[in-house]
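**Student:** Protein chains in written order, with our numbering: chain A, 1 to 758; chain B, 1001 to 1218.
Note that CB positions come from ideal geometry on N, CA and C, so glycine has one too.
Next up is a structure, given as structure tokens.
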Amino acid sequence: MPAQIRIYVSGLYCGGNPQPGVGIVRSLRAAFPSSKIVGVEYSNRVSGIHWEGLDDVWLQRPWDELDLDIYAERVRELVGGGALWISGSDLEAMWLASIFPEGHPNLLAPPMQALKRITKPEVLGAKELPVKIPTFISTDHSDWDLHAFCRQHNWRVWLKGPYYDAARTPSWDVFEAARNALSKVWATQRLFLQAHVSGYEESVMLSAYKGELLGAVSMRKRDITPEGKTWAGDVTEVPDEFLVPLRRMVKALNWTGGGELEMVRDAAGELWLLEMNPRFPAWVHGATLAGHNLPALLVQAATGAIPKPSIAHGEEFTRVVLEVPVRKDFPLPPLPEPFAGAVGHSMKHPSGLPALAERLQESNPHMLEVIGDGDGTEQVAKIPETMMQDLGSYDFAQVQTPEFLFMESTAASLFKRASERAHRLSTNEVQVITGYSIKTNPDARLIKLALDNGFLAECISLAEAQKALEVGFRPDQVILNGPGKWWPEGLMPTEQMHAVFCDSVADLDRCVAALASGEMKSKHVGIRIRTPNIRSRFGIPLDSPATFAKLVEAVKRLPTDTAFGVHFHMASANVGVAQWWHLFESILKWCRAIEKLTERDIEMLDMGGGWFPDDVHDGDEDKFAKAVETARAVLPNVRQIASEPGKAMAQPSMALAMRVLEIQEHEDDYVEAVVDGSIAELPMYFFYPHRMLRQCGETGEWQPLKRGKTHLMGRLCMEHDIVAANVQLPEGTRAGDLLIFCDAGGYDRSMSYVFGRG
Amino acid sequence: MYLAGAEKRQDLIEREAERRSCSAKWQHFPFSTLSHHGEACCDIAREWLLAMDFAQLNGGDLLSGPRWMRQKYKWGPTAWPIHWCDAVERDTLDCGAHAAIAHEAFRARGVTSYPAQFVQQYSPDATEQWQKKWSEDDVSCHWIDDGVIYHEGVALLTGEDEVKLWDASAGWWINPRQQPHGYGSLLAVRIHAEGQFGVGDGFRWGEHRIKPGAWHEF
């Protein structure tokens, strides 16, 4: 009579994001009813230890206190003594691989080399599979580059840890907070950002022994938990076009154990691989119910024992919540006391998996590095040559910090480039002209540069229009828009303006009346359209057919001797570059509908708003040229396109100089440096990263600030006055040293306020 | 007498065949289309709907289902005929109106779509509820037949001859791997298209082949 099969199964967590242990146990029990199955866990809070299908429970202390050497010895004894081990936890599988780098016949988990080849995000081992990998960037890159990645992907990005955990980061402040949290939990700065892929999630589960694929099934999620985890699914055979390369992959990796490829199928039917897990998935028993008992195949391969045949109950499975009796030997532990003043009980990771991650990291820092485009060395954002020249022109001994510095050659070069580009994009039929948004920085030097480079002045109030006129703009070079553009009274230019865009139907009616009475003169009068799918408070809404009908009727009332235009502004830095271009296309469709329904030709388009400087100045000019072509094709009567890049002109044109007041060193290399700058001068600190430099007090050399453990605390007695978090001050930095925050010439400058100055 | 008896028997056989055919009741039923007043009111409504659909794509794939429509227009009784100007202003539309506007939206995006008619299985309890609701609104219940219902959607061409079936009232793609029985399952489909698809075998929907213009029962 063959000896009883003994199988140790771990990963018994059964919360909202369950581990597969209980599913593996259920499948094994169905296939090998007389086997001895022992559950392995690291916390008596894990409810799976009470599952009735377990013959015994081998409970260890949590990973943060477990003596790994002793434990490794016990595991060696077990598998050496003939017991099988199926791991239901990624991190435990990694730890086991570190004990058995070449594997062990009874350890039904992948060897170390295989794990290294499936490290996310690149998953090199899956290269032959018919899948794509969503675009990603290592957080080794500078914050400047990471912000650019987020913009390029419309802020639909995920910050992911090296093992698991992912946080959606729809804005810069959320990204910074998530990076801090994930870095702390997983004890590494090496995270990555990955573009979101919209679609339906599906997985392939596999079972393999010593490089031989024993079985594989495909599962589509048919119902999900709020966390996006499987709640129900359907199970089918893996198609040959996937199965054949999968078999090769398993062979190449010499895979042993379960595995799961988590994927998304997009609307076009393409598969995107999110990650590969070195274990069976939590839905493993759902596949068994559909007649595919993959854990049984694994045990069969390892032992030669013949499992009971799997009975297919159908292709679909779902989950229910079950109450089970608690094992007498493992009574429930008390619920921990909530932290004083906090809400709820912090109960995540009862078995201390993050501690295991930290310990693995310490024992072998290179064990599972995030493979990809980073090499672990943080890259620093490049400072443009013109900025360095501009800094060189200042005598900082004479600068009373904090002080904004006008970056003269930087600004001059940006305005010139924008002007030249507008000229290149213009055709015989359509003039492209750039608008300078006065509100982004009303500094006369910038307004003058705009004037000298042939810009139009985009104003949101009569006060701004007046400022533009004072600097030298003519009224027919002024565009007036926004909901408060008639403020303050009495400053209306008496001569004809270039364009006025109305923010509401009532505003449009007022304009029509003002034109009729001669109170206002404008070559173009138009409307600002409110983007219907992205929240905005500006422009005429289009969100119902009734409001659209009112708009159509109002436009029809415009005098026929006034040219008609449409204005569309949305901050591309906030919504993302690709999203902005979609909005542009969408607005063209609305424009075409308005033209058709009103029988008014659209002669001027004013588009732009809130571009990040790099996206405009270093952006793809072909894209802009194509946009002009498209606009012309959709709206054949357009004669002028005013492109208003918003802060892109002003932001790089000024920097903020500040000095270190005091450096406070704390435990664990954490440093707080107090500076004389503050959020009163850098109100945009939370929205985007600034490139920072420190001037060496001895050599005068400019040194870029890298990422580190220093927080730069503003001078204000305000809790949130932190002007930079997680930077590293160069060695030798001391009180009195000069720091420069580049990229402070846009809303930092124009929205800065006087505070704490007496 | 003999002949009359045979005719009666033949009639019974045909009725029995019809009874077994879940789509028989809707054999000559046309798919729904919205009417147009031929005036600005319907022009504005139609232009608004199509521009809004493109806006709601948010840069997503043109083949994405227009789920926003189901969020805006609940599913419920609709009196027919219905005009564009009326349809887009309503809070509630039935499956015919949902499908008609989804079909127009797909076409405006430049993707190929066809009107699709469905027969679905539900339960007598469900259909009793719907019967009551539609009757209270004084709207025809022609679409209900015991535990089976007539429904409409859109077939979207995604390859040379491959289609996906969009249920505009549910806001989801119908599962081609579904069992052809059970609550909510698709029992039959008819795709209104002209031409040869799949070298005469019809559209490919999952493992199925569906000939255009005819009811296909699963």
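Using a Cβ cut-off of 7 Å (strictly closer), state whether alanine 342/A contacts chain B.
**Tutor:** no
**Student:** For the pair the region 81 to 93 of chain A and the region 377 to 388 of chain A, tell me if three or more CB-CB distances fall below 8 Å.
**Tutor:** no
**Student:** Report the residue from His524/A, Ser536/A, Ser586/A whose alpha carbon sits nearest the alpha carbon of threonine 560/A.
**Tutor:** Among His524/A, Ser536/A, Ser586/A, the Cα nearest to that of threonine 560/A belongs to His524/A.
**Student:** At a CB distance below 9 Å, what residues from the region 1113 to 1127 of chain B approach chain A? Give them in sequence order.
**Tutor:** none
**Student:** Hey, out of Gln1129/B, His1192/B, Ala1168/B, whose CA is closest to glycine 1065/B's CA?
**Tutor:** Ala1168/B
**Student:** Should serine 393/A be labelled buried (16 or more other beta-carbon atoms within 10 Å of its own) or exposed?
**Tutor:** exposed
**Student:** Under three-state DSSP, which class holds threonine 318/A?
**Tutor:** Residue state, collapsed to three classes: strand.
**Student:** Go ahead and pull the three-state DSSP assignment for aspartate 223/A.
**Tutor:** Three-state result, aspartate 223/A: strand.
**Student:** Using the beta-carbon count (16 or more within 10 Å), is lysine 596/A buried or exposed?
**Tutor:** Residue burial is scored here from C-beta neighbours: lysine 596/A has fewer than 16 other C-beta atoms within 10 angstroms and is therefore classed as exposed.
**Student:** For a quick check, are the C-beta atoms of glycine 1206/B and arginine 1177/B less than 7 Å apart?
**Tutor:** In this structure, glycine 1206/B places its C-beta atom within 7 Å of the C-beta atom of arginine 1177/B.
**Student:** In whole angstroms, what separates the C-alpha of arginine 359/A from that of proline 111/A?
**Tutor:** The alpha-carbon atoms of arginine 359/A and proline 111/A are separated by roughly 19 Å.
**Student:** Could you name each continuous alpha helix (DSSP H) segment of 4 residues or more that falls completely within the region 76 to 112 of chain A, going from the start of the chain to the end?
**Tutor:** 90 to 99
**Student:** Do valine 616/A and alanine 648/A count as a contact pair if the criterion is CB distance below 7 Å?
**Tutor:** Contact flag set, yes.
**Student:** Checking the sheet assignment: what are the DSSP bridge partners for glutamate 1235/B?
**Tutor:** Any question about residue 1235/B goes unanswered here, given that chain B covers just 1001 to 1218.
**Student:** So the beta strand (DSSP E) alanine 650/A belongs to, where does it begin and stop?
**Tutor:** Unbroken run through alanine 650/A is the alpha helix (DSSP H), 647 to 650; no beta strand (DSSP E).
**Student:** If we ignore side chains and look at the alpha-carbon of each, how far apart do isoleucine 133/A and proline 239/A end up?
**Tutor:** 20 Å
**Student:** Taking the DSSP output, what are the residues bridged to glycine 233/A?
**Tutor:** Lys221/A, Phe317/A
**Student:** How would you write the range of the beta strand (DSSP E) that histidine 569/A sits in, first residue to last?
**Tutor:** Per DSSP, histidine 569/A belongs to the beta strand (DSSP E) from 563 to 569.
**Student:** Mapping DSSP to helix, strand and coil, what is glutamine 1179/B?
**Tutor:** coil
**Student:** Grab me the residues of methionine 1/A's own chain with a C-beta within less than 8 Å of its C-beta, minus the 5 sequence neighbours each way, in chain order.
**Tutor:** Reliability of the predicted coordinates at methionine 1/A is poor, the pLDDT of 44 falling under 50, and the value obtained from them is presented with this limitation in mind. If we look at methionine 1/A and ignore the five residues flanking it on each side, it has no Cβ neighbours.
**Student:** On a Cα-Cα basis, can you pick out the residue from Phe1054/B, Arg1090/B, Gly1202/B that is closest to proline 1077/B?
**Tutor:** Arg1090/B
**Student:** Determine the chain B residues that contact threonine 236/A at a beta-carbon separation under 9 Å, and present them in chain order.
**Tutor:** Arg1177
**Student:** Please compile the residues from chain A whose C-beta is within a distance smaller than 7 Å of the C-beta of valine 1088/B.
**Tutor:** Per Cβ cutoff of 7 Å: Pro545.
**Student:** How about serine 207/A and glycine 161/A: do their beta carbons lie closer than 7 Å?
**Tutor:** no
**Student:** Closer than 7 Å by beta-carbon distance: list the chain A residues that pair up with glutamate 1047/B, in chain order.
**Tutor:** Simply Ala593, Lys596, Leu597.
**Student:** My output table needs one value for glycine 11/A: the three-state DSSP class, helix, strand or coil.
**Tutor:** coil
**Student:** Nearest-angstrom Cα distance between methionine 607/A and proline 281/A?
**Tutor:** 49 Å
**Student:** Could you pull the start and end residues of the beta strand (DSSP E) that serine 27/A belongs to?
**Tutor:** Not the beta strand (DSSP E): serine 27/A falls in the alpha helix (DSSP H), residues 21 to 31.
**Student:** What would DSSP say about methionine 1069/B, mapped onto helix, strand or coil?
**Tutor:** Here methionine 1069/B carries a helix assignment [DSSP, helix/strand/coil].
**Student:** Count the other CB atoms within 10 Å of the CB of serine 1140/B; is the residue buried (16 or more) or exposed (fewer)?
**Tutor:** Serine 1140/B counts as exposed, since fewer than 16 other beta carbons sit within 10 angstroms of its beta carbon.
**Student:** With distances taken from CA atoms, which of Thr494/A, Val250/A, Ala499/A is nearest serine 517/A?
**Tutor:** Cα-wise, what sits closest to serine 517/A is Thr494/A.
**Student:** By the 10 Å Cβ neighbour count, where 16 or more other Cβ atoms means buried, how is glycine 677/A classified, buried or exposed?
**Tutor:** buried
**Student:** Keeping to the same chain, check which residues put their C-beta closer than 7 Å to that of isoleucine 371/A; ignore five residues upstream and five downstream.
**Tutor:** Low confidence applies to isoleucine 371/A: its pLDDT is 49, below 50, so where it sits in the model is not reliable, and the reading given next is rough at best. Result list for isoleucine 371/A: Thr119, Glu122, Leu124, in chain order.
**Student:** Who pairs with histidine 285/A in a beta bridge, going by DSSP?
**Tutor:** Looking at the DSSP assignment, histidine 285/A forms no beta bridge with any residue, so it has no partner.
**Student:** Output the distance between the C-alpha atoms of aspartate 1161/B and glycine 88/A, rounded to the nearest integer angstrom.
**Tutor:** 43 Å
**Student:** Which stretch, first to last residue, makes up the alpha helix (DSSP H) that contains methionine 388/A?
**Tutor:** 385 to 392
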